[in-house]
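In our numbering, the protein residues as written are 4 to 297. First comes the structure, then the notes that go with it.
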Ligand code: BQF
């Protein structure tokens with residue numbers, strides 16, 4: 004029987020653990036962790052992601068601050084906001100929700116964030132430290148996936164993992180983390196992407212498949228070996244007249260068909276997504292405890 008990995012429940016469990024730690028912080032009279040989020044424009048998906056983050060802060064007992072601006076904000080004005088947050092003693096960590104409007108250089112904004120407050124782990128300082136196995140804020144999605152593998156007792160050591168997709172925030176860091184010498188790691192990793200010659204030949208050899216392509220139902224059953232672990236990072240909208248919103252969310256994996264082959268599979272929604280948000284909370288707690296940079 005295939006195990007459906009319940010990311011929503013796992014995220015709840017982690018939030019209970021975080022709330023216990025916050026309660027101890029409050030009892031000790033120490034500073035309450037404080038996360039700030041900067042949201043530019045009115046992209047519906049970004050709004051819902053930031054809402055999830057603010058709600059999670061409330062659930063675990065963190066303070067949160069949401070800074071909103073319309074899409075016409077200049078790059079310089081956004082850099083000023085980042086600078087203010089870098090200097091604000093009460094803010095332990097902050098995120099600038101991506102994507103940003105086209106006239107703003109995301110790389111420039113990311114570089115302006117103080118690495119000590121970079122709880123998304125996107126600054127090259129954190130990325131470089133991660134790649135070298137030094138303490139760092141791990142990017143939230145890969146961190147959430149590591150948590151899932153660990154908490155479901157999935158063996159990774161010596162396994163062949165195929166990561167599909169080479170983005171800076173998911174595929175590339177995931178491939179690095181799984182190949183590292185670590186509790187969850189020691190995989191032999193193949194990083195596949197749009198120029199990969201024979202993707203099916205690669206995925207059929209995989210013990211673990213991480214799908215982070217961004218195309219609905221891209222990974223089909225014929226690409227999956229019997230007993231493989233399948234982690235679906237995709238969040239794609241497909242038209243669905245039976246829903247009142249007019250669409251539903253599906254992953255990068257053809258769930259119903261792959262379910263019949265996999266040993267473990269993550270659903271969408273309720274799989275990787277909720278774990279991404281709790282990972283951000285875990286990073287924020289680390290920031291407030293100065294765990295990474297002292
Ligand atoms: C769920 C994200 C692409 C680009 C930028 C729960 C989230 C999503 C799904 C969520 C994501 C995706 C986030 C579910 C944050 C994950 O129940 O399946 C939570 O809020 N996410 C983001 O902040 O930026 C993104 C995906």
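Beta carbons: idealized from backbone N, C-alpha and C, even for Gly.
Tell me residue 71's beta-bridge partners as DSSP assigns them.
DSSP lists 42 as partners of residue 71.
When every heavy atom of the ligand BQF is checked, does at least one fall within less than 8 Å of the C-beta of residue 100?
Under cutoff, so the answer is yes.
Name the two residues that bound the continuous alpha helix (DSSP H) containing residue 221.
Taken as a continuous stretch (DSSP letters only), residue 221 belongs to no alpha helix (DSSP H), as it is neither H nor E.
For residue 96, the residue or residues it bridges with in DSSP:
According to DSSP, residue 96 bridges with 38.
Taking the continuous alpha helix (DSSP H) assigned at residue 287, which residues delimit it?
Annotation: the continuous alpha helix (DSSP H) that includes residue 287 extends over 275 to 291.
Please name the residue or residues paired with residue 251 in a DSSP beta bridge.
Residue 251 is bridged to 241.
Could you tell me which of 41, 138, 74, 73 sits nearest to residue 303, measuring between CA atoms?
Outside the shown range of the chain, which is 4 to 297, sits residue 303, and nothing can be said about it.
Under the DSSP definition of a beta bridge, which residues are partnered with residue 194?
Residue 194 pairs with 166.
Using only CA atoms, which one of 190, 169, 183 lies nearest to residue 198?
When only C-alpha atoms are compared, the closest one is 169.
For residue 68 and residue 111, what's the separation of their Cα atoms in angstroms?
If I take the Cα positions, the gap works out to 22 Å.
State the Cα-Cα distance for the pair residue 72 and residue 139, rounded to the nearest angstrom.
Cα to Cα, the separation comes out at about 29 Å.
Could you check if residue 155 belongs to the surroundings of the ligand BQF, using beta carbon to heavy atom distance under 8 Å?
Not a single heavy atom of the ligand BQF lies less than 8 Å from the C-beta of residue 155.
Could you tell me how far apart the beta carbons of residue 63 and residue 25 are, in whole angstroms, since I believe they sit closer than 8 Å?
Residue 25 and residue 63 do touch by the CB rule: their CB atoms are close to 6 Å apart, below 8 Å.
The ligand BQF heavy atoms versus the CB of residue 8: any closer than 8 Å?
No, Cβ of residue 8 sits at least 8 Å from all heavy atoms of the ligand BQF.
Please say whether residue 278 and residue 3 have beta carbons closer to each other than 9 Å?
There is simply no residue 3 to check, as the chain begins at 4 and stops at 297 in what is shown.
Enumerate in chain order the residues of its own chain whose CB-to-CB distance from residue 207 is below 7 Å, with the five nearest sequence positions on each side excluded.
Same-chain partners within the cutoff: 226, 228.
CB of residue 30 to nearest heavy atom of the ligand BQF: below 8 Å?
No, Cβ of residue 30 sits at least 8 Å from all heavy atoms of the ligand BQF.
Residue 171 in three-state terms, based on DSSP:
In the structure shown, residue 171 sits in coil (DSSP, three-state: anything other than H, G, I, E or B).
Thinking C-alpha only, which one of 84, 27, 31, 21 is nearest residue 60?
When 84, 27, 31, 21 are compared, the shortest CA-CA separation from residue 60 is found for 21.
Taking only beta-carbon atoms, is residue 175 less than 9 Å away from chain B?
In the displayed structure, chain B is absent; only one protein chain is listed.
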